[in-house]
Amino acid sequence: MPASTRPAPWRRHHPWTLAVPLVAALVAAPLVVPAAAQAAGPLQHSGQVALVDTPDDQVAQAALDALTVTNIDDVRGNLTLPTTSRGLDVTWSSADTSVITADGIVTRPGEDTTVALTASVTKGASTLTRSFPAAVRKAANIGAFEGYTFAYFTGNSVAGENIYFAASNGNDALSWTELNGGQPTLTSTEGERGLRDPFLIRSPEGDTFYLIATDLSIGRNGDWGRAQTQGSKYLEVWESHDLVTWSEQRHVRVAPDNAGNTWAPEAYYDEALGEYVVFWASSLFGEDDPNHTGSFYQTMMFATTRDFTTFSEPKVWQDFGASRIDSTVLEDNGTYYRFTKDEASTTGCRDIIQESSSSLTAVDDRNAPGWNAADPAWKLIDSCIGRDAGLGAVEGPTIFAANPGDTSGSNYYLFVDEYGGRGYIPLGTDDLDAPDWQVPASYRLPASPRHGTVMPVTAAELEALRADLPQPLAANEKGELLRYDFTDAAGTVLHDRSGAGRDAQVRGGATFADGALAFDGTDDYVDLPDNVLVGVDDITVEAELRIDPAQRTPYFLYGFGNTGGDGAGNGYLFSTGDQYRAALTTGNWSGEQNVTSGAALPRDRWVHLTYTLSGNTARLYLDGQPVAEKTDVTVRPGDIGGGSTLANYLGKSVYDADNLFRGQMREFALYNRALSAEEIVQNSGNTSALGAVSLQDAGALKVAPLVDTDARTVMFPVNRGTDLTQLRPVFTTASGTTATPASGTVHDLSTPATVTLTTPGQPDVVWTLEAVEMKSPVLPGLYADPNIAVFADTYYIYATTDGTPGWGGNTFYVWTSKNLIDWTRSAEPILTLDGANGNVPWATGNAWAPTIIEKGGKCYFYFSGHEPNANRKMIGVAVADSPEGPFTAQPEPMITNAEAVNSGQAIDPAAFTDPETGKSYLLWGNGRPVYGELSDDMLSVEEGTIRPIDGLPDFREGLFLNYRDGTYHLTYSIDDTGSENYRVGYATSTSIDGPWTYRGILLQKDPSQGILGTGHSSIVNVPGTDEWYIAYHRFAIPGGNGTNRETTIDRLEIGEDGLFQTVTPTLASVDPREVPGTTEPNPTEPNPTEPNPTEPGTTAPVVSVSATTVERGQSVRVTVTGLDSGEQVAAELRSDPIRVTGIPTADANGRVAFDVRIPADLATGSHTIVVFGADGQVIGSVPITVTASGQLAVTGAQAPLGAALLAALLLVAGGVLWSIRPARRAGIA
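This note's numbering runs 6 ahead of the 1-based position in the sequence shown.
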């Protein structure tokens, strides 16, 4: 709001209270009571009331009697000594000022002591005193910090809005265990009865702890608007001396009358003041707006206190005219470092900022006289901290220094609350003055932590915090914690066969028969021992069971965890059979980390199920065969409930509303380690299984083998350049089964080979093995939404930089290739979307889905980005003279999604020039496809030309348009980019304006090859040909997902009807394909955007090669241009002279190309190809490097292709020598 409308400062009002009879009221002098004050009983009066004087000594005594001193019976820190009482001044004296001064400053002695404090009150001629014996504790000697505690809330629910605690696992800020079985320790009975944003602080004396929290319950009232205008003005306070036992709750008002809320309080002790500075965010309203209906923003306020009972009047701490919340502070070497959420993007983005000051209470108030926004009291050090660390939207920072001896790796930590999903994420740096905040490589936080505090503790405090944690169970020599074979004959006890005696209880009417336990799906289940997951990091769960065809969903096969008071799961490990999967979570279903097979378990037959977790990798097996893998699991089994799991079952869910299991079980085991693939296949008893499949030279595999258990096939995706004829597959079979040929035998897998499994008394089982040279992805690393284009003799790809949570990447690169398979990335981004820190002024992150087009000698690059002021995605444009830049972005977006015709989101632009009209268009959209005609300058869309595109079923995003033989071919993406079913739809029209005819799915996943999430494609035509290629992204292989995607290319065929044919995605990708027949570049302009044709015989000849590094036994193509028509040349390979003769003569354009075969026994190292004219004179030479066979897996030379085909590649991909000679007509020099 404008400075002139800032609310007036709050003034504390006298709390008028009158009692009956009136003469009992003791006052210091005749008073006049405002008419608004209401007295009890018959004393109600609407005018002014004169009160009777009381003798001075009575008044003074009453003032003394009313005095209280907080903590006087247990003095551990500075005291608040009241300076007034009942309207009279109070003065204090101390019997021992070395321990307690007259103004309450405490210096604790070496032994407990009592100090007499005397209060004195004067009324008229009467001066009275009162003595207060202060019991002062001896100075605390707490010792070094060797661990941490963590206070937090967990979510926007009644259950989540309480205070939870965790303790570090040793002196490690990144490894935690929940306390109190994952249940809240502190709950509220005051105010809104919800607790959020707890802040925990240790007193400077060391042995008192205060916890303060926001009084807010979104779980009970989900109205965020009300929470900011009619919210609480109170803090909730607890204190403790051991972090285990806490005081009663205190409900303390700190915010002014005109405040709409009191959010995220924190505190820091100011040594100079001898007090705690408490700060929070409040929305403030004018005195003329008592109902708080006007505009507002969040202002950071502060007050001081010595005891978290009595607070000073609040003052403005941060008011920049825009919302700031969630400040947290750390003092380090005399400097205060403050971290705050900039809610209004005034510092470049809506994110966490870092500032510093030498004074904790330095004020930045835009309404203060002389305040200068260009020179604030707190200096900005860093901004956009969360975004720059690759996080989504964050808030609620908490800052702390790592303890001496901490093993986690950083000197300082900033935990930030990624409130959109993951909760707290740690960031680390080693320097606060030049910070580089990064997410650690690994961490284990407690379950679902939201905005809270990490505080260092001593070894003794850590031990006390962890005292009630359950202890890990001992395993047998196999690593078994539990094993049940269900051979019990009857009864209600299921006996543990691991040797530990951990028997389980059979509930309901479940019955034993034939070595199995039958569950009826009504009331039968097995109650397993409690706390079996304590301390477990890696795990295996094995079960052999049969699911009844009448099984109802949802249901658990087994579950280990807890059930909350609302009947919902609250941390668990489980597996289910419909969409066979297993998962871990420390909260409810929304936090499940699933490994999913994608198919339901078969019913009415016995199956052997195995779930393993090893490190961050979870695997799922069916009958000994791997069916799913997840490589980014962050939850450990021992994290669930802090090790306390009281709802451990077979055949029963931790969700009360779920169905019970119906079927039979005959084996169940729980291990504290991950079994190997060999052990799993052997334990499964599946004689048809081929397990632990790999190659003896595992380094030849680009990704893990693709095993199809139903088809009994194995595909080995190997690295580029691998000899497919000399591979040694290795594998394991079930006990008693033999394989022919045996594991480790050499196979030629360039064509399918077979392995036969033989088990006595059973039919033979045949597996088929094959290998593929996996040349995809074409771009190394994580890139998505590729736009492929061709300019002159070069292919280009522009893509989204992927691998960032929330699709938060902010850079665009350009990739170039001469042959579609060897790609080179620009050294620096061509655009960086980082506000003032980048080169796109209007955009902050979400650099998505670019497209490029050339017109009039200029390249126009269109892209999506996040516009922070409007808080939505928009489309911008940048211009360059070359496809490789440098690009200059326009200062404002060109598509804002506020146009008369708009889309769900203004993202995914695709540029297209209509060859029939020469007009250029831009297509874009998410949810609703639209297009519009580009202006002549290509920097805007012509007004009134934006139209929706109809006829695209299931459209989501990712439009792209091509033209061929009078037909417009429109492709687009279906489903969500985070789905494995993301795919490409296809439609055609005879006009860019439609109507569009839907032609079906052009490209979709192929799980048999591990190819998922195929979408957001673009299509390129090789100039001068009818060859077409499609570039698209897919989930990265292995283990990719919607934010970890990779780019590949496949061939796109044209049918006899002129339509694009369905694309089969491949791992092999495409063979090299150069741009044919491209005019050679001018030597004075080696990389022109639009090269000029060269007349034959008018310039010096040019010699080039297809590659400057080539393997022995392979060929390199030599191209000579600028010759006379019909002129002959020869070549020689030096330093091992091999004369190449019989070279064809130059064509009419003065061009000739030929292959030089490198001898297989040629010495490796540097060589030179020399080209001679017909007169024996040297035309030019090019250096090459020869390597041993097999060393060019990535950039090796390819087999010779036709001369016309290789024209463009030969110019740039290899070395180029411009011959220094006069023109040919003058003779050969």
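In this text, a Cβ means the ideal position worked out from N, Cα and C, and glycines have one as well.
Every value quoted in this text rests on a predicted model; they were computed, and no experiment measured them.
- By the CB criterion at 7 Å, residue 621 and residue 540 fall outside the cutoff.
- A straight-line Cα-Cα distance of about 12 Å links residue 645 and residue 538.
- As the crow flies, the alpha-carbon of residue 1173 is around 10 Å from that of residue 1164.
- Under the DSSP assignment, residue 700 falls in the beta strand (DSSP E) whose first and last residues are 697-701.
- By a beta-carbon distance limit of 8 Å, residue 370 contacts residue 383. Their separation comes to about 5 Å.
- Residue 655 has 533, 565 as its beta-bridge partners, per DSSP.
- Excluding residues up to 5 positions away in sequence, 518 lie with their Cβ nearer than 7 Å to the Cβ of residue 495 in the same chain.
- For residue 628, no alpha helix (DSSP H) segment is defined; the enclosing uninterrupted segment is the beta strand (DSSP E) at 623-628.
- If you check the CB distance, residue 160 and residue 456 come in under 7 Å.
- Note that the C-beta distance between residue 791 and residue 806 is below 7 Å.
- A direct Cα-to-Cα measurement between residue 950 and residue 866 gives close to 22 Å.
- Under the three-state reduction of DSSP, residue 1014 is assigned to helix.
- A contact is defined here as three or more CB-CB pairs under 8 Å, and the region 110-123 meets this definition with respect to the region 78-86.
- Close CB contacts of residue 240 within its chain, under the 8 Å cut and outside five residues either way in sequence, are with 196, 197, 221, 257, 258, 259, 260, 261, 268 (chain order).
- Per DSSP, the unbroken beta strand (DSSP E) holding residue 1027 starts and ends at 1021-1027.
- Taking C-beta separations shorter than 6 Å and ignoring five residues to either side along the sequence, the partners of residue 405 in its chain run 334, 336, 345, 420, following chain order.
- Annotation: residue 850 is outside any beta strand (DSSP E) and is labelled neither H nor E by DSSP.
- Put simply, of 360, 397, 463 the residue whose alpha carbon is nearest the alpha carbon of residue 440 is 360.
- Take the alpha-carbon of residue 180 and the one of residue 171: they are about 15 Å apart.
- In the same chain as residue 1019, and ignoring 5 residues on each side of it, the C-beta atoms closer than 6 Å to its own belong to 986, 988, 1040, 1041, in chain order.
- Judged by DSSP in its simplified three-state form, residue 357 adopts strand.
- When DSSP states are grouped into helix, strand and coil, residue 230 belongs to the helix group.
- Going by DSSP, residue 690 is part of the alpha helix (DSSP H) stretching over 683-690.
- For residue 458, the pairing in a beta bridge is given by DSSP as 158.
- The beta carbons of residue 771 and residue 694 sit closer together than 7 Å.
- In chain order, 338, 343, 418 place their CB closer than 7 Å to the CB of residue 438, counting only its own chain and leaving out the 5 sequence neighbours on each side.
- The beta-bridge partner set that DSSP reports for residue 708 is empty.
- Residue nearest to residue 1109 within the set 1025, 132, 1002, 1184 is 1184 (criterion: CA-CA distance).
- Judged by DSSP secondary structure, residue 468 falls within the alpha helix (DSSP H) whose first and last residues are 465-471.
- If you draw a straight line from the Cα of residue 175 to the Cα of residue 1048, it is about 33 Å long.
- Around residue 1178, the same chain offers 1135, 1136, 1137, 1138, 1184, 1185 as residues with beta carbons nearer than 8 Å, after the five sequence neighbours per side are excluded.
- In the structure shown, residue 432 adopts extended strand secondary structure according to DSSP, grouped into three states.
- Using a Cβ distance threshold of 7 Å, residue 463 and residue 155 count as a contacting pair.
- Relative to the Cα of residue 730, the nearest Cα in the group 713, 752, 715 belongs to 752.
- Taking the C-beta atoms as reference points, residue 168 is found no nearer than 7 Å to residue 224.
- Taking the C-beta atoms as reference points, residue 774 is found no nearer than 7 Å to residue 744.
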